[in-house]
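In the numbering used here, the protein residues as written are 533 to 834.
As structure tokens, the structure follows; a few thoughts come after it.
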Amino acid sequence: MSESGKRSHSFLHPGVLQVEIGGSRRWTMAMWSIPKQASEFRRALSHLIRATLVLEWIQPLRQGDDSAPTFASVDLVFFADPATNDDVMAELEALGFAPVSMQEVTPKVKQRLTVFQSEARRQNRESPGDPVAIYRLGVEHRQGELAQRLDSVRQRVESNLGGLVWGDEPGRLSKELCDQLQLEFQTRISPTPTGLAMLEDLLVETRDEIGWVHPVFFQAICDFLGVVLQGNPDLEVQWSLCAVDDRTGLAPPPILRLRRRGGPWHTSAIGQDVVECIALPWSEQTGRQLVALEEKLREAVH
533 MSESGKRSHS
543 FLHPGVLQVE
553 IGGSRRWTMA
563 MWSIPKQASE
573 FRRALSHLIR
583 ATLVLEWIQP
593 LRQGDDSAPT
603 FASVDLVFFA
613 DPATNDDVMA
623 ELEALGFAPV
633 SMQEVTPKVK
643 QRLTVFQSEA
653 RRQNRESPGD
663 PVAIYRLGVE
673 HRQGELAQRL
683 DSVRQRVESN
693 LGGLVWGDEP
703 GRLSKELCDQ
713 LQLEFQTRIS
723 PTPTGLAMLE
733 DLLVETRDEI
743 GWVHPVFFQA
753 ICDFLGVVLQ
763 GNPDLEVQWS
773 LCAVDDRTGL
783 APPPILRLRR
793 RGGPWHTSAI
803 GQDVVECIAL
813 PWSEQTGRQL
823 VALEEKLREA
833 VH
């Protein structure tokens with residue numbers, strides 16, 4: 533079980549469990565109780581989903597055809613009945629979650645979910661009984677010829693840069709991706725806002741569920757945003773180093789630090805911002821969101 537965020541809520545467990553249900557790998561989250569404020573529920577759940585995606589996608593690059601594991605959904609397991617709060621039910625629908633038949637909770641799955649009961653005991657809280665409801669938000673995977681060509685690009689980038697840690701060589705990851713995209717699509721992508729728009733058009737698509745991208749594309753987008761911002765002559769940009777922590781075995785989320793020459797530093801949780809732009813179905817999907825993010829980050833630095 534991975535801890536995907538530092539925020540703690542009494543109703544939502546901060547850890548995320550990987551469970552195989554129906555033959556597919558799924559992120560599984562636990563609701564201990566039903567909060568009174570639906571807005572608090574939405575904030576907590578959306579934060580945990582963003583943090584989970586960032587944590588999954590920022591791990592060091594794999595080698596070539598050794599592709600990262602993919603996921604089919606986020607499953608929210610309720611140990612209390614969500615139907616007791618109409619506002620929570622409305623938020624579930626607004627976030628794109630749909631109910632799952634409890635018949636999917638086989639004895640094997642139920643045994644796997646006992647981890648949550650064990651966690652409750654570890655936290656000195658009343659141990660919950662069996663799950664009473666499951667709601668699911670699917671993960672969309674790009675299909676078709678474009679997906680195949682992008683996967684070829686992904687394999688070449690990972691073969692050339694496998695093991696690269698985000699932030700260790702700022703700009704190298706996004707340059708390698710742009711070079712491989714140029715070879716594949718005969719399109720030159722320069723480190724400018726126009727180039728960012730072209731990159732977004734190739735890698736990001738409108739979605740009704742969580743949009744899956746290969747980790748290498750996520751990391752390259754975060755890197756590319758830093759390079760584009762660095763192209764402003766009055767801006768300084770620093771990349772965090774996302775090396776794997778020896779204790780947890782996980783890499784931390786990517787961060788950019790920006791400032792006007794001689795001014796105070798501004799810290800951007802670039803990973804969560806990018807996830808919001810490219811992956812989440814409830815984020816605004818009008819126009820080019822990465823282009824808007826670059827402009828917002830630039831304007832936020834005083």
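From the three backbone atoms N, C-alpha and C, an ideal C-beta is built for every residue, glycine too.
| Check | Outcome |
| --- | --- |
| Classify GLU582 as buried or exposed, calling it buried when 16 or more other Cβ atoms lie within 10 Å of its own Cβ. | Here residue 582 turns out to be Arg, not Glu, going by the sequence shown. Flag for ARG582 reads buried. |
| Considering just the uninterrupted stretch of the beta strand (DSSP E) at GLY547, what are its terminal residues? | 547–553 |
| For chain B, is any of its Cβ atoms less than 8 Å away from the one on PRO796? | Looking at the structure shown, chain B is missing, and only one protein chain is on hand. |
| Are the stretch 601–618 and the stretch 545–562 in contact at 8 Å, needing three or more beta carbon pairs? | yes |
| Tell me which same chain residues have a C-beta within less than 6 Å of the C-beta of CYS809, skipping the five on either side of it? | GLN821, LEU822, LEU825 |
| Can you tell me which of SER815, TRP589, ALA626 puts its alpha carbon nearest to the alpha carbon of PHE573? | ALA626 |
| Beta carbon of VAL745, beta carbon of ALA811: below 8 Å? | yes |
| Under the three-state reduction of DSSP, which class applies to LEU735: helix, strand or coil? | helix |
| How is the alpha helix (DSSP H) around ILE753 delimited, first residue to last? | 747–762 |
| With distances taken Cα to Cα, identify the nearest neighbour of PRO796 among ASP778, ASP766, TRP814, VAL806. | ASP766 |
| How big is the Cα-Cα spacing for ARG644 and GLU623? | 27 Å |
| Pick out whichever of GLY676, SER633, VAL641 has its Cα sitting closest to the Cα of TYR667. | SER633 |
| Taking only three categories from DSSP, how would you classify LEU790? | strand |
| Verify whether the separation of the beta carbon atoms of VAL760 and ARG791 is less than 8 Å. | no |
| In terms of residue numbering, what span does the beta strand (DSSP E) encompassing HIS798 cover? | 798–800 |
| Taking 7 Å as the cut-off, does the CB of SER565 come closer than this to any heavy atom belonging to the ligand NAD? | The ligand NAD is absent from the structure shown, which contains no ligand whatsoever. |
| For the putative contact between PRO723 and GLY763, defined by C-beta atoms under 8 Å, what is the C-beta separation to the nearest angstrom? | 6 Å |
| In this structure, how does DSSP classify PHE629 when only helix, strand and coil are distinguished? | coil |
| Tell whether a beta-carbon distance below 8 Å holds between ALA715 and ASP755. | The sequence given here has Leu at residue 715, not Ala. Taking 8 Å as the Cβ cut-off, LEU715 and ASP755 do not qualify as a contacting pair. |
| Please name the residue in PRO592, ALA615, HIS673, ASP778 whose C-alpha comes closest to that of THR836. | Past the edges of the chain, shown from 533 to 834, lies residue 836, and the structure says nothing about it. |
| Is the stretch 642–662 close to the stretch 559–574, with three or more CB pairs under 8 Å? | yes |
| Check the DSSP bridge columns for PHE610 and list the partner residues they point to. | MET563, ALA665 |
| I need the straight-line Cα distance from THR719 to GLU588, nearest angstrom please. | 29 Å |
| For GLY529, does the three-state DSSP call read helix, strand or coil? | Because the chain in this structure spans residues 533 to 834, residue 529 falls outside the shown range and cannot be described. |
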